[in-house]
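A.B. asks: This structure is in structure tokens; I'll ask about it shortly.
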Amino acid sequence: MSVRRWLMSLYHRPILRLMDGQQKELRLMSAGKNLRLAPISVDLIAAHCHRSIKRTTKALLRLEKAGKVHEVTPEKWLPGPLPNEEDSNSNLPDRFRPRF
3 MSVRRWLMSL YHRPILRLMD GQQKELRLMS AGKNLRLAPI SVDLIAAHCH RSIKRTTKAL
63 LRLEKAGKVH EVTPEKWLPG PLPNEEDSNS NLPDRFRPRF
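In the numbering used here, the protein residues as written are 3 to 102.
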């Protein structure tokens, strides 16, 4: 790993830790249920990381390019890559095929 990538991961660590922590907390509080994580606003992330909104937005865009977060609505972010709709619906025709 290059020094630049290591420094960038060090810089982005508080943002990713916040998002992963909320996701882990949701899983622990709702064990056995299929709940979705609410998107996190840029304002909340900036306040948690003690950064300006502009710097936080730039960091989130870099993380989105790397596939670690994705933007749901303007200024609302979720951890993980953007789900591909084709992959999630690819099994539907086979699954609901008539038996006779």
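Quick reminder that beta carbons are idealized off the backbone N, C-alpha and C, glycines included. Bear in mind that the values here come from a model prediction, so they are computed numbers and not experimental data.
What distance in whole Å lies between the Cβ atoms of residue 17 and residue 65, which are believed to be in contact at a cut-off of 8 Å?
C.D. replies: About 7 Å separates the two Cβ atoms, so the contact holds.
A.B. asks: In three-state terms, what does DSSP make of residue 78?
C.D. replies: In this structure, residue 78 counts as strand in the three-state DSSP scheme.
A.B. asks: Let me check one thing: in DSSP terms, what residues is residue 66 bridge-paired to?
C.D. replies: Answer is none; residue 66 lacks a bridge partner.
A.B. asks: Since residue 41 and residue 5 should fall inside the 8 Å C-beta cutoff, what is the C-beta to C-beta distance between them, to a whole number of angstroms?
C.D. replies: That pair is no contact at about 33 Å.
A.B. asks: Assuming residue 39 and residue 30 form a contact by the criterion Cβ under 8 Å, report the distance between their Cβ atoms to the nearest whole angstrom.
C.D. replies: Rounded, the Cβ-Cβ distance is 13 Å, inconsistent with contact.
A.B. asks: Among the residues of its own chain, which have a CB less than 8 Å from the CB of residue 22, if the five just before and after it don't count?
C.D. replies: The answer, listed in chain order, is 81.
A.B. asks: Taking the Cβ atom as the reference point for each residue, do residue 58 and residue 71 lie within a distance shorter than 7 Å?
C.D. replies: Going by C-beta atoms, residue 58 is not nearer than 7 Å to residue 71.
A.B. asks: How many angstroms separate the CA atom of residue 33 from the CA atom of residue 19?
C.D. replies: Each residue's Cα considered, the two are about 21 Å apart.
A.B. asks: Under the DSSP definition of a beta bridge, which residues are partnered with residue 103?
C.D. replies: Lying before the first or after the last residue shown, residue 103 is absent from the chain, which here runs from 3 to 102.
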